[in-house]
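According to my numbering, the sequence shown is numbered sequentially starting from 32.
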Amino acid sequence: MKEASKLETGMKEAGGTTWKAAYEAGQAERLRVVHVIGGDDTGGVMTHLLPLLNALLDRDIDLHLLCMGGGGLVQEAARRGIPHRILPMSGPFDPRVLPHIRAELAEGGWQVVHTHGSRANLPVRALRMFRPSALRFARGAAQTLPCYFTTIHSDLLLDYDSRLRASTYGVCDRATLAAVDQLICVSEDLRRRLMARGYPAAKLVVVRPGLELDATRPLPEERQRAWLETQTSGISAASPDPDIPEAMAAIDAPNARWVGTVARLVGVKDIDLMLRSFAQVAQAYPAARLAIVGDGPDRSQLQQIALDLGIGSRVAFPGRLPTIWPAMRRLSVYWLTSISEGLPLSIMEAMSTGLPVVATAVGGVPEAVEDGMSGYLVPRVDRETAVGAMAHRVVELLQDAELCLRMGRAGASRVMKDFVPEAAARRYQHAYRRAMAVIG
């Protein structure tokens, strides 16, 4: 499309004089931005997006959220006071939503349209490709199209257990790519991966997500105090917690040391690998317990695997919790075994509480966890090697509380410095104004 090609070439002009002048001239103009997402999106996408929207609102941006269908994300957006509207959509290919999207985009006078996830990407891009004139808005005396952005939160080809579903979404994504002016990747790894698949480098920009630091989260200082009490009294700092999830309390003990994860229980998270590795941890460190917080289609199968491995009495499946912090407070080590990740906010949540991390070195994980500093990264080579390597690192941390504290402090410091919503909002705002200046 004409506008897309202008963005791809505009910043390559000699010295970038034209777009830079337009950028500076547009600083005083208040941005009107609409974000579009599936209303049932939860997990990392919701944890990333909603704090970002609050931070953009704080930057005096006129912002609205369109949700395709209802769900947990809509409820949380309402609680946060984010202006939003629900559009009827029963599935990712439901054509009945198209006139509703067209009306919302045409009447809103939005300068930037920003989509998240296939459920939102495909219908919005289709409208731009086939009915662009209906989406124009007045800018001064001229009529112009909005700039179109998509945030890529994870690798689409690895997100689904079904290869057919993954390839279908992948084909649709590539077919509608011309309708997007800018693709925001949550990690440098994801940007490199997309470039290797032929995505235009000029369209790809990295903005790492920011983590909202919940005031109710356990603080790194709490872990420090608990450890000091253990050293002076000889009594385990892991005393019973009345707020601990019931499934964890059922197998807890005063001397237990917990490791755990927060994840959707789906194939890409590879919880099977975690269970098989934990079986080795339990042999080397009998007081170890494992908490797998979250829900998903693989839950029953994973519970059966734990029983088959003989570790059922040491593994808790608390399900999806209204707040993760009581479970996090009980952990000594955070564990991630994913096959693929964008930049997992669950790791940053754990790090913000002072937990060291043991994780597979996939996706953007090495951009958050510094190997040997805030945790340990384990390459995904052959499965047997990964199982043994992860077990070794987890046991090492369980046996050395001082090492846990040192790594935990380093991780917490990194999160509070580099991964906050305000920094992400500043980069998003810059990307919006730059794209508008180039398209003109």
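Using N, Cα and C, we set each Cβ at its ideal position, and we do this for glycine too.
Cross-strand partners of residue i (DSSP beta bridge)
i              : result
isoleucine 215 : Thr182 and Val236
cysteine 98    : Ile68 and Ile117
histidine 147  : Ile68 and Thr182
aspartate 449  : In the DSSP output, where bridge partners are listed per residue, aspartate 449 has none listed.
glycine 406    : Val388 and Asp402
leucine 362    : Trp289
Residue from the options whose Cα sits closest to the Cα of residue i
i             : options                           : result
leucine 221   : Leu188, Ala278 and Phe450         : Leu188
arginine 440  : Met467, Leu338, Glu252 and Arg307 : Glu252
tyrosine 200  : Met226, Phe124, Gly140 and Ile215 : Phe124
glycine 122   : Asp339, Arg150 and Glu398         : Arg150
glutamine 314 : Ile378, Leu429, Leu84 and Tyr459  : Leu429
alanine 422   : Leu158, Gln311 and Ala281         : Gln311
alanine 443   : Gln460, Ala232 and Leu386         : Leu386
cysteine 435  : Val388, Asp71 and Ala456          : Val388
glycine 112   : Val418, Leu153, Leu88 and Trp356  : Leu88
serine 193    : Gln334, Phe161, Val297 and Val469 : Val297
Extent of the continuous beta strand (DSSP E) run through residue i
i             : result
leucine 348   : The question names leucine, yet the displayed sequence has phenylalanine at residue 348. Where phenylalanine 348 is concerned, the enclosing beta strand (DSSP E) stretches over 346–350.
threonine 391 : 388–391
Simplified DSSP state of residue i, which is helix, strand or coil
i              : result
threonine 416  : helix
alanine 291    : A small correction: the amino acid at residue 291 is glycine; alanine does not occupy that position in the sequence shown. Glycine 291 falls in the strand class under three-state DSSP.
tryptophan 141 : coil
isoleucine 323 : strand
aspartate 12   : Because the chain in this structure spans residues 32 to 471, residue 12 falls outside the shown range and cannot be described.
alanine 53     : Because alanine 53 sits at a pLDDT of 49, beneath the cut-off of 50, its placement in the model cannot be relied upon, and the point is left open.
proline 199    : Inspection of the sequence shows that residue 199 is occupied by threonine rather than by proline. Of the three classes helix, strand and coil, the one that applies to threonine 199 here is helix, per DSSP.
serine 308     : helix
alanine 172    : Note that alanine 172 has pLDDT 47, beneath the 50 cutoff, so the model's placement of it is unreliable and the number below is only indicative. Of the three classes helix, strand and coil, the one that applies to alanine 172 here is coil, per DSSP.
arginine 411   : coil
leucine 367    : strand
arginine 61    : coil
serine 383     : helix
arginine 330   : helix
glutamine 314  : helix
glutamate 44   : Unreliable positioning characterises glutamate 44 in this predicted model, as indicated by a pLDDT of 48, which lies under 50. The coordinate reading is nonetheless provided below. Here glutamate 44 sits in coil by DSSP.
serine 444     : helix
methionine 467 : helix
Boundaries of the alpha helix (DSSP H) in which residue i is found, first to last residue
i             : result
glutamate 277 : 277–280
glutamate 107 : 103–111
Test: residue i CB closer than 8 angstroms to a CB of chain E
i          : result
lysine 234 : In summary, chain E is missing from the structure at hand, where a single protein chain is found.
**OP:** Determine, using beta-carbon pairs with one atom in the segment 62–71 and one in the segment 222–229, whether at least three such pairs fall under 8 angstroms.
**Re:** No contact exists between the segment 62–71 and the segment 222–229.
Original post:
Would you call the segment 362–370 and the segment 327–347 in contact, with 3 or more CB pairs under 8 angstroms?
Top reply: Three or more Cβ pairs closer than 8 angstroms define a contact, and the segment 362–370 falls short of that threshold against the segment 327–347.
Original post:
Quick one: any contact between the segment 382–401 and the segment 311–326, if contact means 3 or more CB pairs under 8 angstroms?
Top reply: Not touching, per the Cβ criterion.
Original post:
Is the segment 367–382 close to the segment 296–308, with three or more CB pairs under 8 angstroms?
Top reply: As far as the Cβ criterion goes, the segment 367–382 touches the segment 296–308, which means the pair count is three or higher.
Original post:
Are the segment 408–423 and the segment 461–468 in contact at 8 angstroms, needing three or more beta carbon pairs?
Top reply: Flag = no, the segment 408–423 and the segment 461–468 do not touch.
**OP:** Evaluate the contact criterion for the segment 380–397 versus the segment 174–182: three or more CB pairs, one atom per stretch, below 8 angstroms.
**Re:** No, the segment 380–397 is not in contact with the segment 174–182.
Original post:
Does the segment 150–159 touch the segment 204–219, meaning 3 or more C-beta pairs lie closer than 8 angstroms?
Top reply: Yes: the two stretches touch, three or more of their Cβ pairs being nearer than 8 angstroms.
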